[in-house]
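Numbering (this note's numbering), first residue to last: 1377 to 1661.
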């Protein structure tokens, strides 16, 4: 998470692994805008896809300014931009997921993106702890503002009983296996509420091909992996990809696109028909 100014003190400087049996992490990490910009300036070029995850400062009374400054400074270097309104480490941040504040924020940041980084898709990252009515509001705003997509979901303040570490009450956002099911359910709900029209990046507890497969079926078009990278290293990506490819083949799917949203039958079959028509038109041309 990149913020305009570094959060002071111990908060924001570390992450706490919550025991390998839990496959969880309590996250408290953020980086100042200036530091992130400096890292980009000294990094070798063409090192893969670069996403910039932007947040607001804890003490800021100019939330929109925090985000638009980040877009102006880092947007030209980003392959995609994320408006993070769901980090549990910033007091008051999650109130930006309410209908009116979110609409104002996404309208302003979309304009900033169009001016400073027109090449970069703009995503909004939401919490897994939203109520049904809050998810409805988010879905409405996302469709009204024509933002490019959503990232579902962020970390949670919740602390399930399955956590075994003595550090489980630490302040911070919990990620990893304990939020897997909740994240997948949020993806499914947001996919339905947006009628499958808004791309979703699914994240939260992905540690296997089955986990990725379940999120794709729920409505995710892309998958992100974080916590299991800490526990297993980069090799986990190859393992997940192989397991996912095997599952797709076993269930008769030719590619990832064909499985997206399969849990939501009405939307799924409508989109499947649209894909078939496009393929037929492409073949004719």
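Quick reminder that beta carbons are idealized off the backbone N, C-alpha and C, glycines included.
All of these numbers come straight from a predicted model, not from anything done at the bench.
- It is roughly 22 angstroms from the alpha-carbon of residue 1483 to the alpha-carbon of residue 1434.
- In the three-state reduction of the DSSP assignment, residue 1403 falls in the strand class, which pools E and B.
- In the three-state reduction of the DSSP assignment, residue 1574 falls in the coil class.
- Contact between residue 1529 and residue 1398 is ruled out by a C-beta separation of about 18 angstroms, above the 8 angstroms threshold.
- Taking the CA atoms as reference points, residue 1450 sits about 23 angstroms from residue 1477.
- Ranked by Cα distance from residue 1424, the options 1402, 1454, 1409 and 1654 are led by 1454.
- Contact between residue 1518 and residue 1526 holds, with the beta-carbon distance rounding to 6 angstroms and staying under 8 angstroms.
- Residue environment analysis places residue 1566 among the buried positions, since at least 16 neighbouring C-beta atoms fall within 10 angstroms of its C-beta.
- Contact holds between the region 1602-1622 and the region 1550-1558, because three or more Cβ pairs, one in each stretch, are under 8 angstroms apart.
- Short of 8 angstroms from the beta carbon of residue 1440, and not among the five residues preceding or following it, lie these beta carbons of its own chain, in chain order: 1480, 1481, 1484 and 1485.
- In this structure, the alpha-carbon of residue 1495 lies about 8 angstroms from that of residue 1452.
- Boundaries of the alpha helix (DSSP H) harbouring residue 1603: 1603-1608, taken from the DSSP string.
- DSSP, reduced to helix, strand and coil, places residue 1523 outside both helices and strands of the structure shown, so it counts as coil.
- About 12 angstroms separates the beta carbons of residue 1412 and residue 1381, which is beyond the 8 angstroms limit, so they are not a contact pair.
- By the Cβ test, the region 1455-1464 is in contact with the region 1491-1505, since at least three Cβ pairs between them sit closer than 8 angstroms.
- The C-alpha of residue 1586 lies about 28 angstroms from the C-alpha of residue 1459.
- Note that the C-beta distance between residue 1556 and residue 1540 is not below 9 angstroms.
- Residue 1512 and residue 1562 have their C-alpha atoms some 11 angstroms from each other.
- A distance below 6 angstroms between beta-carbons, with the five flanking residues on each side excluded, links residue 1594 to the following residues of its chain, in chain order: 1560, 1563, 1564 and 1639.
- A Cβ-Cβ contact shorter than 9 angstroms links residue 1598 with residue 1578.
- An exposed status is given to residue 1622, since fewer than 16 other beta-carbon atoms sit within 10 Å of its beta-carbon.
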